[in-house]
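So for the sequence shown, this note's numbering puts the first residue at 1; every next one is plus one. Note that beta-carbon positions come from the ideal geometry of N, C-alpha and C, so glycine has one too. Input: a single structure, listed below in structure tokens.
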Amino acid sequence: MQNWIFANWLQPYINDKNQWKSQINSVLTEIAQRLQLDELIAQHLTDIDELIIVPHLELHQIPFAALPVAENQFLGDKFLIRYIPSCQVLEFCQKRPPVGENLIYGTVEDATGDLPCASFEGEQIAQLHNISDERRLKGSTQATVSNYRQLIKQVQGMLSSHHAHSRLDRPLESQLKLGDGSITLGQLMTPGWRLPHLSDVFLSCCETGLGVTEITDDILTLSTGFLCAGARSAVSTLWSVDDFATALFSIFYHRYRQQGFHRPEALRRSQVELRTLTGDTLAATYQPKITHFLEKSLKYAYATRKEAKTERDRHPQDSSDFQQWDLEFKSRTKMCDRIGNTIKHLKFLCCESLPFSHPFYWAAFICSGLQ
Numbered sequence: 001m002q003n004w005i006f007a008n009w010l011q012p013y014i015n016d017k018n019q020w021k022s023q024i025n026s027v028l029t030e031i032a033q034r035l036q037l038d039e040l041i042a043q044h045l046t047d048i049d050e051l052i053i054v055p056h057l058e059l060h061q062i063p064f065a066a067l068p069v070a071e072n073q074f075l076g077d078k079f080l081i082r083y084i085p086s087c088q089v090l091e092f093c094q095k096r097p098p099v100g101e102n103l104i105y106g107t108v109e110d111a112t113g114d115l116p117c118a119s120f121e122g123e124q125i126a127q128l129h130n131i132s133d134e135r136r137l138k139g140s141t142q143a144t145v146s147n148y149r150q151l152i153k154q155v156q157g158m159l160s161s162h163h164a165h166s167r168l169d170r171p172l173e174s175q176l177k178l179g180d181g182s183i184t185l186g187q188l189m190t191p192g193w194r195l196p197h198l199s200d201v202f203l204s205c206c207e208t209g210l211g212v213t214e215i216t217d218d219i220l221t222l223s224t225g226f227l228c229a230g231a232r233s234a235v236s237t238l239w240s241v242d243d244f245a246t247a248l249f250s251i252f253y254h255r256y257r258q259q260g261f262h263r264p265e266a267l268r269r270s271q272v273e274l275r276t277l278t279g280d281t282l283a284a285t286y287q288p289k290i291t292h293f294l295e296k297s298l299k300y301a302y303a304t305r306k307e308a309k310t311e312r313d314r315h316p317q318d319s320s321d322f323q324q325w326d327l328e329f330k331s332r333t334k335m336c337d338r339i340g341n342t343i344k345h346l347k348f349l350c351c352e353s354l355p356f357s358h359p360f361y362w363a364a365f366i367c368s369g370l371q
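Following this line, the structure appears as structure tokens:
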């Protein structure tokens with residue numbers, strides 16, 4: 001089983017993500033059959049509402065909520081699902097005193113300036129939780145390593161919406177990518193990163209729950225790092241996620257949390273809402289607001305690109321100043337293209353019947369730690 005998952009799930013993900021994505025459904029169906037889920041549910045789980053899953057080895061990489069079961073359902077439709085890296089980590093979380101219900105939130109948004117939907121996500125979450133500008137780190141200038149460390153000590157709830165990367169070969173080098181550097185898992189695991197007042201972390205980034213482990217070791221992921229540092233709960237991702245779908249999912253999740261749903265229930269409802277969202281609803285409810293935000297961002301990006309070009313052309317082509325401003329001009333050009341492509345892609349998604357029904361869009365998100 002373990003070797004089969006490695007060969008049919010992790011290896012394709014590493015070597016050819018398009019191939020991996022194309023076979024997600026078939027691989028998950030095979031895993032459900034190999035685990036004999038239908039028999040397990042019928043014989044042992046008839047009166048169970050929630051599953052607390054401690055995955056074994058390669059199963060850490062699998063989105064259990066998306067495993068198909070009887071009656072055209074997914075496992076996540078039948079049960080609330082909560083992951084824990086190990087029983088020891090769960091014990092750490094349970095022994096921590098409760099933080100309280102009215103959490104003070106902070107956000108870290110688009111730290112490298114190339115994720116337009118992350119900025120929209122941050123804006124919506126800030127409105128939802130009434131987050132002041134002092135507790136929002138926006139863009140590469142504000143979202144620095146030093147500012148991140150200061151902010152996370154001041155809040156009980158944290159949204160990290162930016163790039164991240166899992167190092168499967170060297171887990172402690174897995175990192176959150178910020179404006180002037182990175183925060184590694186190795187740093188999160190040190191005494192300098194004790195965060196006793198931190199309750200909820202939403203890692204709206206790629207691969208923050210992805211890792212591999214040996215049979216004698218606990219799984220080492222960025223999510224685990226935050227749980228060990230002091231967080232009571234962490235929402236993370238099992239693969240490199242879609243910027244736009246992730247922004248929507250985060251908005252849904254935080255909305256459900258504000259309505260009083262506990263974390264696994266908020267996660268499940270968000271997964272269902274995203275995968276059943278129709279193109280018509282996307283067009284009517286979200287497209288106008290998102291498009292307005294992106295067009296405003298595009299106008300600003302065009303203006304900064306023009307400024308960079310003007311500054312670049314003031315210097316000789318063989319000068320360091322020219323090279324520096326040329327890099328900035330190219331960066332701004334890429335951002336203009338990215339925003340423009342996102343606007344076009346949104347129009348395409350609105351024409352789809354169920355644009356996010358594929359598990360790639362909704363199944364990556366997992367909830368770890370306390371309920």
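- By the Cβ test, the segment 107 to 126 is in contact with the segment 327 to 336, since at least three Cβ pairs between them sit closer than 8 Å.
- Contact annotation: the segment 121 to 135 does not touch the segment 269 to 276, with fewer than three C-beta pairs closer than 8 Å.
- Between G230 and L185, the C-beta gap is not smaller than 9 Å, which leaves the two residues out of contact.
- Three or more Cβ pairs closer than 8 Å define a contact, and the segment 318 to 328 falls short of that threshold against the segment 102 to 111.
- Contact check for L210 against Q61 passes: the beta carbons are separated by less than 9 Å.
- CA-to-CA, the gap between S174 and E39 works out to about 38 Å.
- For the options L282, L37 and A118, the alpha carbon positioned closest to that of K347 is the one of L282.
- Our two residues, P288 and H358, have alpha carbons roughly 24 Å apart in a direct line.
- Short of 8 Å from the beta carbon of P63, and not among the five residues preceding or following it, lie these beta carbons of its own chain, in chain order: L28, L238, P359, A363, A364 and I366.
- By the Cβ rule, the segment 42 to 49 does not count as touching the segment 192 to 201, because fewer than three pairs are nearer than 8 Å.
- With a threshold of 16 other beta carbon atoms within 10 Å, D243 meets it and is buried.
- One thing to note: K153 has its Cβ within 9 Å of the Cβ of L195.
- Contact between A143 and V89 is absent: CB atoms are separated by about 27 Å, not below the 8 Å threshold.
- Counting the other CB atoms within 10 Å of its CB gives E58 a total of 16 or more, which places it among the buried residues.
- Ranked by Cα distance from S368, the first of S22, R263, F79 and T285 is R263.
- A distance below 7 Å between beta-carbons, with the five flanking residues on each side excluded, links N8 to the following residues of its chain, in chain order: V27.
- Taken through DSSP and simplified to helix, strand or coil, C351 comes out as coil.
- The shortest C-alpha to C-alpha distance from Q94 to any of A247, S233, A301 and L274 is the one to S233.
- The alpha-carbon of A308 is positioned some 41 Å away from that of R275.
- By alpha-carbon distance to I53, the top candidate from R312, I81, C206 and A126 is I81.
- Taking all protein chains shown into account, R312 has 16 or more neighbouring C-beta atoms within 10 Å of its C-beta and is therefore buried.
- Taking 9 Å as the cut-off, the Cβ atoms of I339 and L370 do not count as close.
- Boundaries around Y83 are those of the beta strand (DSSP E), L80 to Y83, since no alpha helix (DSSP H) includes it.
- Comparing C-alpha distances from S236 to each of F329, H162 and F261 shows the shortest one belongs to H162.
- In this structure, the CA atom of F6 is about 15 Å from the CA atom of K21.
- Beta-carbon to beta-carbon, S160 and S204 are separated by about 6 Å, close enough to satisfy the 8 Å threshold.
- Per DSSP, reduced to three states, the secondary structure at K309 is helical.
- Annotation for A231: no alpha helix (DSSP H) segment contains it, and DSSP assigns it neither H nor E.
- Bridge pairing for Y361: absent [DSSP].
- The beta carbon of L188 sits closer than 6 Å to the beta carbons of G225 and A229 from its chain, once the five residues preceding and following it are set aside; these are given in chain order.
- The alpha-carbon of T304 is positioned some 18 Å away from that of N341.
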